[in-house]
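Beneath this line is the structure, given in structure tokens, with notes to follow.
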Amino acid sequence: MTEGERSGYLDFLRERREQILQRVADACRRAGRTTDDVTILGVSKTVGVDEVALAWQAGWRAFAENRPQELTRKLEGLREHPEMSGVRFDMIGNLQTNKINQVIGRVGLIHSISSAHLAEAVSKRSVAHGIVSDVLLEVNVSGEESKSGFAPTEVEQALDGLLGLPGIRVRGLMTMAPAHDADAARRTFSGLRELRDELSARSGRSLATLSAGMSDDFQVAIEEGSTIVRLGRTLFSPDYDLR
Ligand SMILES: *Cc1c(COP(=O)(O)O)cnc(C)c1O
Numbered sequence: 001m002t003e004g005e006r007s008g009y010l011d012f013l014r015e016r017r018e019q020i021l022q023r024v025a026d027a028c029r030r031a032g033r034t035t036d037d038v039t040i041l042g043v044s045k046t047v048g049v050d051e052v053a054l055a056w057q058a059g060w061r062a063f064a065e066n067r068p069q070e071l072t073r074k075l076e077g078l079r080e081h082p083e084m085s086g087v088r089f090d091m092i093g094n095l096q097t098n099k100i101n102q103v104i105g106r107v108g109l110i111h112s113i114s115s116a117h118l119a120e121a122v123s124k125r126s127v128a129h130g131i132v133s134d135v136l137l138e139v140n141v142s143g144e145e146s147k148s149g150f151a152p153t154e155v156e157q158a159l160d161g162l163l164g165l166p167g168i169r170v171r172g173l174m175t176m177a178p179a180h181d182a183d184a185a186r187r188t189f190s191g192l193r194e195l196r197d198e199l200s201a202r203s204g205r206s207l208a209t210l211s212a213g214m215s216d217d218f219q220v221a222i223e224e225g226s227t228i229v230r231l232g233r234t235l236f237s238p239d240y241d242l243r
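For what it's worth, the UniProt record's numbering labels the leading residue of the sequence shown as 1, then goes sequentially.
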């Protein structure tokens, strides 16, 4: 990027940030919630290190990637930005067991624990590294074939075993809603919250974190209890029309 492009993009990021924070505040108010309970992640998978550094300058503090290789690239590139040494990256995408070592110990939270097999593998690698990894269980609430994650009944059956794994701490649940259908999205988000309430009551664990909502549906997600929204296009792309 040229200097002119950088400053133009930074202006965009700052203005868009104000608009996003306003919408988050409005959604919290409608739901009787406080904005302190909602974390906004900038999903940086489609942008480069320069754009992430500018987003930091605009005020964003937490980001997310969906591929281990790209996570590594971003973390290496950001070493040239010492001001960002405290940056948080989360892993939100499909994780293969042979890539676990690229992720554990480097991310704030792994959102995409989609099977008991993966949970066991992450636990085992974490124990080997002497750490405990914070994770979310990804649940396919909407039941779409294309989506990964535990089926709701599966997670009910697997929960006790997962809570007993020594290398992970289960913080809550994550889901993806059907695209282009606001009613289906709302049902998915409320379904996630109800499932969490049931699992929490049964296990005695708070499972407080609900990662739900992306550019097209984050306002509905917050109304339905989401505590982490994952924003890609609306945060980074001037072409995206924020409503
Ligand atoms: C890409 C991605 C997002 C962000 O999507 P936008 O619609 O661009 O906000 C959120 N969550 C996951 C898991 C993603 O892969």
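C-beta atoms are modelled at their ideal positions from N, C-alpha and C, and glycine is treated no differently.
These numbers were taken from a predicted model, which means no experiment stands behind them.
Minimum C-alpha distance to residue i - residue among the options
i: Leu54; options: Met1, Asp37, Arg23, Ala201; result: Met1
i: Ser115; options: Val87, Gly149, Phe89, Ser126; result: Gly149
i: Ile92; options: Ser211, Thr234, Leu242, Arg243; result: Ser211
i: Ser133; options: Glu18, Gln96, Met214, Leu109; result: Leu109
i: Phe64; options: Arg17, Val47, Gln57; result: Per the sequence shown, the amino acid found at residue 64 is Ala instead of Phe. Minimum Cα distance to Ala64 is reached at Val47.
i: Ile113; options: Asn140, Val87, Glu198; result: Asn140
i: Leu199; options: Met176, Gln96, Arg243, Leu137; result: Leu137
i: Glu83; options: Gly59, Asn66, Ile104, Arg125; result: Gly59
i: Arg202; options: Arg88, Gly213, Leu163; result: Leu163
i: Gly105; options: Gln96, His117, Ser123; result: Ser123
i: Thr153; options: Gly191, Gln96, Ala128; result: Gly191
Cβ-based burial, residue i [other Cβ within 10 Å; buried from 16]
i: Leu165; result: buried
i: Ser85; result: exposed
i: Ile131; result: exposed
i: Gly32; result: exposed
i: Glu3; result: exposed
i: Pro238; result: exposed
i: Arg30; result: exposed
Neighbour flag for residue i against chain D, beta carbons, 8 angstroms
i: Met91; result: Given the protein chain composition of this structure (a single chain), no chain D is represented.
Which runs of the alpha helix (DSSP H) spanning at least 4 residues fall entirely within the stretch 122-172, listed in chain order? With a minimum length of 4 residues, the continuous alpha helix (DSSP H) runs that stay inside the stretch 122-172 are 152-163.
Which whole runs of the beta strand (DSSP E) in the stretch 200-233 are 3 residues long or more, in chain order? Qualifying beta strand (DSSP E) stretches, in chain order: 209-211, 228-231.
Using a Cβ distance threshold of 8 angstroms, determine whether the stretch 138-145 contacts the stretch 96-104, with at least three qualifying pairs required. Judged by pairs of C-beta atoms under 8 angstroms, the stretch 138-145 does not touch the stretch 96-104, as fewer than three such pairs exist.
Mind pulling the alpha helix (DSSP H) runs of 4 or more residues that sit fully within the stretch 3-42? List check, alpha helix (DSSP H) in window: 3-31.
Are three or more beta carbon pairs between the stretch 202-220 and the stretch 170-181 nearer than 8 angstroms? Enough Cβ pairs lie closer than 8 angstroms, so yes.
Three or more C-beta pairs closer than 8 angstroms, one from the stretch 21-34 and one from the stretch 213-230: is that the case here? Counting Cβ pairs under 8 angstroms, three or more are found: they touch.
Entirely enclosed alpha helix (DSSP H) segments - the stretch 46-131, minimum 4 residues: Within the stretch 46-131, the complete alpha helix (DSSP H) runs of at least 4 residues are 49-58, 68-77, 116-128.
Cβ contact check for the stretch 35-52 and the stretch 60-75: 3 or more pairs under 8 angstroms: Three or more pairs of CB atoms, one per stretch, sit closer than 8 angstroms, so the stretch 35-52 contacts the stretch 60-75.
I'd like to know if the stretch 7-18 and the stretch 177-196 are in contact, where contact means that at least 3 CB-CB pairs between them fall below 8 angstroms. Contact check between the stretch 7-18 and the stretch 177-196: fewer than three CB pairs, one atom from each, fall below 8 angstroms, which does not count as touching.
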